[in-house]
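Below is one structure, written out as structure tokens; the observations come after it.
In the working numbering, the protein residues as written are 51 to 306.
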């Protein structure tokens with residue numbers, strides 16, 4: 051197996067270990083300049099061109115909206131005091147954490163984060179780093195999308211042909227509905243399955259490296275080693291799993 055998938059998985063696991071506190075079942079969230087962050091959700095009048103999200107458990111939804119400002123809010127059993135989300139605006143970059151720095155949380159501290167980005171604006175980057183959460187990105191225009199998740203499904207829907215996507219999971223499925231083929235796509239998943247919905251009659255090549263997973267498709271494809279070619283080939287995309295399957299279907303077929 052190529053080392054990129056193994057390295058990505060180890061990096062995620064290492065990050066989890068570094069945040070783990072002394073008490074069993076709890077994790078201490080720690081980040082730099084914690085005192086500079088503001089508590090609670092809000093709507094920002096300042097223009098934002100990149101968003102960085104760190105979330106521990108629950109769900110994260112980032113979507114486009116009809117508003118002129120970026121807004122974000124959380125919902126959960128404990129969203130007060132140290133458990134309230136924290137955010138920092140650094141230039142044109144928005145950074146969000148699930149709680150105050152130095153706070154111990156557990157997997158039972160589920161919170162749901164919703165971030166709405168103006169639909170007419172294009173971000174330079176959207177980065178989401180989650181622990182045990184469902185992560186959804188719905189029709190957000192961004193040049194670069196990076197999502198990493200330890201446990202939980204990653205679901206992406208995009209119509210942008212210019213986006214570069216890096217999606218990494220250890221124990222969770224990755225689902226991407228692509229109304230247009232992206233400029234770059236790299237997916238690494240240890241035990242979850244990968245499902246891709248691509249535009250009908252697309253040309254693409256998938257470099258699928260796996261230990262025990264299977265490739266299936268809803269269209270004719272040719273295999274040459276780890277390369278699976280659909281149509282005339284086109285752009286090559288990278289998918290790396292240990293035991294996860296890769297399924298590629300036409301988008302119309304997936305909607306039936």
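C-beta atoms are modelled at their ideal positions from N, C-alpha and C, and glycine is treated no differently.
(request) Measure the alpha-carbon distance for residue 144 versus residue 92 and round it to whole angstroms. (result) Along the chain shown, one-based indexing puts residue 144 at 94. Along the chain shown, one-based indexing puts residue 92 at 42. Straight-line Cα distance between these residues: approximately 12 Å.
(request) Return the residue from the list 89, 146, 184 that minimises the CA-CA distance to residue 103. (result) Against the chain shown, residue 103 aligns to sequence position 53. Taking only the C-alpha atoms, the option nearest residue 103 is 146.
(message) Rounded to the nearest angstrom, what separates residue 293 and residue 179 at their Cα positions?
(response) In the chain shown, residue 293 corresponds to position 243, counting from 1. In the chain shown, residue 179 corresponds to position 129, counting from 1. If you take the alpha carbons of residue 293 and residue 179, they lie about 22 Å apart.
(request) Report yes or no: do three or more beta-carbon pairs, one from the stretch 262-277 and one from the stretch 285-299, lie closer than 8 Å? (result) yes
(request) Assuming residue 235 contacts residue 287 (C-beta within less than 8 Å), just tell me the rounded distance between them. (result) Numbered from its first residue, the chain shown carries residue 235 at position 185. Numbered from its first residue, the chain shown carries residue 287 at position 237. Yes, they are in contact, since the Cβ atoms of residue 235 and residue 287 sit about 4 Å apart, within 8 Å.
(request) Could you tell me which of 280, 233, 203, 201 sits nearest to residue 209, measuring between CA atoms? (result) Looking up residue 209 in the chain shown gives position 159. The candidate whose alpha carbon is nearest that of residue 209 is 233.
(request) In the DSSP assignment, find the unbroken beta strand (DSSP E) run with residue 184 in it and report its ends. (result) Position 134 of the chain shown, counting from 1, holds the residue named residue 184. Start and end: 175-188.
(request) Tell whether a beta-carbon distance below 7 Å holds between residue 222 and residue 203. (result) The count along the chain shown starts at 1 and reaches residue 222 at position 172. The count along the chain shown starts at 1 and reaches residue 203 at position 153. Yes, Cβ-Cβ distance for residue 222 and residue 203 is below 7 Å.
(request) Indicate the three-state DSSP secondary structure (helix, strand or coil) for residue 96 in the structure shown. (result) Your numbering for residue 96 matches position 46 in the chain shown. Note: residue 96 maps to coil in three-state DSSP.
(request) Spatial neighbours of residue 95 within its chain, please: CB distance less than 8 Å, with the 5 preceding and 5 following residues excluded, ordered by chain position. (result) Stepping through the chain shown from its first residue, residue 95 is reached at position 45. Correct list, in chain order: 119.
(message) Check whether the stretch 130-137 and the stretch 188-195 touch, using three or more Cβ-Cβ pairs below 8 Å as the test.
(response) no
(message) What does the alpha-carbon distance come out to for the pair residue 152 and residue 256?
(response) In the chain shown, residue 152 corresponds to position 102, counting from 1. In the chain shown, residue 256 corresponds to position 206, counting from 1. Spanning the two alpha carbons is a distance of roughly 42 Å.
(message) Looking at the ligand ADP, does it come within less than 6 Å of residue 168, judged from the CB to the closest heavy atom?
(response) What this structure holds is no ligand at all, so the ligand ADP is not there to describe.
(request) Just mark residue 272 as buried or exposed, buried being the case when its beta carbon has 16 or more other beta carbons within 10 Å. (result) On the chain shown, position 222 is the one that residue 272 refers to. When all chains shown are included, residue 272 counts as exposed.
(request) Within the same chain, show all residues whose beta-carbon is closer than 8 Å to that of residue 261, passing over the 5 residues directly before and after it, in chain order. (result) As a working mapping, residue 261 is identified with position 211 in the chain shown. Answer for residue 261: 51, 291, 292, 293, listed in chain order.
(message) Taking the alpha carbon of residue 227 as the reference point, which residue from 131, 113, 299, 78 has its own alpha carbon closest?
(response) Taking the chain shown and counting its residues from 1, the one referred to as residue 227 is at position 177. Nearest C-alpha to residue 227: 299.
(message) As a quick exercise: from 244, 165, 214, pick the residue whose alpha carbon is nearest that of residue 175.
(response) In the chain shown, residue 175 corresponds to position 125, counting from 1. Looking at the Cα atoms, 214 is the closest of the given residues.
(request) Note down the Cα distance separating residue 116 from residue 283, rounded to an integer number of angstroms. (result) In the chain shown, counting from the first residue as 1, residue 116 sits at position 66. In the chain shown, counting from the first residue as 1, residue 283 sits at position 233. Approximately 37 Å between the Cα atoms of the pair.
(request) Classify residue 215 as helix, strand or coil using the three-state DSSP reduction. (result) In the chain shown, the residue the question calls residue 215 occupies position 165. Three-state DSSP puts residue 215 in a strand.
(message) Whole angstroms are fine: how far does the CA of residue 254 sit from the CA of residue 279?
(response) Against the chain shown, residue 279 aligns to sequence position 229. Against the chain shown, residue 254 aligns to sequence position 204. When rounded, the distance between both Cα atoms is 6 Å.
(message) So, for residue 88: in the same chain, excluding its five sequence neighbours on each side, which residues have a beta-carbon less than 8 Å away from its beta-carbon?
(response) To locate residue 88, count along the chain shown from 1; it is residue 38. 136, 137, 138.
(message) Using 7 Å as the threshold, is the C-beta distance between residue 237 and residue 220 below it?
(response) Here residue 237 refers to the residue found at position 187 of the chain shown. Here residue 220 refers to the residue found at position 170 of the chain shown. Cβ distance not < 7 Å, so residue 237 and residue 220 don't count as in contact.
(request) Please specify which runs of the beta strand (DSSP E), each continuous and at least 3 residues long, are wholly inside the stretch 185-260, giving them in chain order. (result) 194-201, 204-208, 214-221, 224-228, 234-239, 244-248, 254-259
(request) With DSSP as the reference, label residue 86 as helix, strand or coil. (result) Numbered from 1 along the chain shown, position 36 holds the residue referred to as residue 86. Looking at residue 86 - three-state DSSP - the assignment turns out to be helix.
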